[in-house]
Amino acid sequence: YNYLSREFERQGYEIILETEKSGGKKSPILASLENLRKDIGTYSDRLMLNARTYQAEVEMPKKEKSAFAKLLEQQQM
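Quick note, in my numbering, the sequence shown goes up one by one and the last residue is 77.
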């Protein structure tokens, strides 16, 4: 991400590249940066690295008692 940001700056923050077929298209570096920003946001959410997900409650999976634990409970009654 940092490398692409420096390249984007070095190229003068060029957003649209002229093409023969159309008036222009989005710079490949800009498209890559946008995708990386989205991916970084997604990964930070999943890894709970940002404030929004830090405050979210983590759902613990409900554990069923094993057959052995159920048998022991019945024996104690």
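The beta-carbon is built from N, C-alpha and C at its ideal position, and this holds for glycine as well.
Can you tell me the Cβ-Cβ gap for residue 4 and residue 29, rounded? I've got them flagged as a contact below 8 Å. Indeed they touch by this definition, with Cβ atoms about 6 Å apart.
Among the candidates 36, 8, 27, whose CA atom is the shortest distance from the CA of residue 16? Closest by C-alpha distance to residue 16, out of 36, 8, 27, is 27.
Are the CB atoms of residue 18 and residue 24 nearer to each other than 8 Å? Result yes, Cβ atoms of residue 18 and residue 24 sit closer than 8 Å.
Verify whether the separation of the beta carbon atoms of residue 1 and residue 36 is less than 8 Å. The answer is yes: Cβ separation under 8 Å.
With the cut-off set at 8 Å, would you say residue 8 and residue 33 are in Cβ contact? Closer than 8 Å, so yes.
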